[in-house]
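Residue numbers (this note's numbering): 163 to 474.
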């Protein structure tokens with residue numbers, strides 16, 4: 163006769179310390195992203211799912227919990243969604259309902275998202291990719307949701323470019339070129355600077371679903387760097403990207419500030435208490451380290467700072 167196995171997970175731990183996040187990562191699910199009057203986009207999404215664990219409970223019972231998590235995610239992704247953040251929100255709320263010992267459930271999702279566009283100079287059709295970032299946190303007080311994206315672009319170092327401009331000015335002066343001609347030339351033709359592949363991350367979080375369009379968020383992120391890049395590039399496109407990037411050289415800090423300005427201008431109807439996360443990481447070409455800057459702020463604070471800057 164079989165005996166009931168003891169529920170070790172529900173016993174008291176040796177050290178009675180509560181944990182903020184216990185769960186699983188790397189859970190892959192298909193998500194259908196609905197589009198009005200068009201076929202849905204099917205995403206291969208990777209989820210992270212967590213609950214908090216009270217100090218009196220030893221474990222979250224991973225094996226049984228995984229059944230709950232899988233059932234929860236299957237329910238959340240079973241129908242088309244027009245907002246991927248709502249998929250996370252539905253899953254977080256279901257997870258909270260199914261755990262009598264937890265006070266908070268978190269669900270995070272990432273997926274590769276493809277957009278269609280044309281190359282900037284040759285007009286060739288091409289695709290670009292962005293990493294969708296969505297998450298939700300559910301408590302008994304309500305559910306907050308986050309949506310955003312991580313995109314890749316190109317930046318040029320203003321400091322390096324400034325040194326190249328100084329060298330060019332000195333060389334042209336030695337060739338007896340008129341000073342006015344030199345300044346006109348340097349203003350018209352941006353000088354060389356070392357370039358980097360940049361990675362911009364932009365997300366917006368609010369109570370419930372943020373009233374933002376994912377594609378507009380992606381556009382803001384792509385426009386925050388010195389120049390966009392494309393999967394396909396003919397020679398005229400390469401020349402265009404190089405020129406545009408050097409014409410708008412930016413430090414990593416400038417890119418984050420451009421994200422802030424872009425969010426303020428693009429989403430005037432977002433509430434002031436929406437939380438905006440902005441990050442920029444550059445893969446340095448002449449250093450063995452990378453550059454990074456970020457800002458997390460309520461939108462109301464960003465609006466005030468951007469407004470004060472425009473008044474100066």
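No residue lacks a Cβ here, since even glycine has one placed at the ideal position from N, Cα and C.
What is the residue span of the beta strand (DSSP E) that residue i lies within?
| i | result |
| --- | --- |
| residue 273 | 266 to 280 |
| residue 313 | 304 to 318 |
| residue 441 | 437 to 445 |
| residue 241 | Careful: residue 241 lies outside any beta strand (DSSP E) and carries neither H nor E. |
| residue 458 | 453 to 460 |
Sorted by chain position, which residues of the same chain lie with C-beta nearer than 7 Å to residue i's C-beta, five sequence neighbours on each side aside?
| i | result |
| --- | --- |
| residue 301 | 265, 266 |
| residue 326 | 353, 354, 355 |
| residue 182 | 214 |
| residue 313 | 292, 362, 380, 383, 384 |
Can you tell me whether residue i is helix, strand or coil according to DSSP?
| i | result |
| --- | --- |
| residue 260 | helix |
| residue 385 | helix |
| residue 374 | coil |
| residue 287 | strand |
| residue 358 | strand |
| residue 351 | coil |
| residue 410 | coil |
| residue 214 | strand |
| residue 296 | strand |
| residue 401 | helix |
| residue 197 | strand |
| residue 183 | strand |
| residue 234 | helix |
| residue 465 | helix |
| residue 338 | coil |
Give every residue of the same chain whose Cβ lies closer than 6 Å to the Cβ of residue i, excluding the five residues on either side of it in the sequence, and list them in chain order.
| i | result |
| --- | --- |
| residue 358 | 317, 444, 445, 446, 447 |
| residue 288 | 281, 392, 393, 394 |
| residue 275 | 292, 294 |
Give me the DSSP bridge partner(s) of residue i.
| i | result |
| --- | --- |
| residue 192 | 206 |
| residue 423 | Its beta-bridge partners do not exist; DSSP assigns none. |
Answer with buried or exposed for residue i, where buried requires no fewer than 16 other C-beta atoms within 10 angstroms of its C-beta.
| i | result |
| --- | --- |
| residue 179 | exposed |
| residue 333 | exposed |
| residue 252 | buried |
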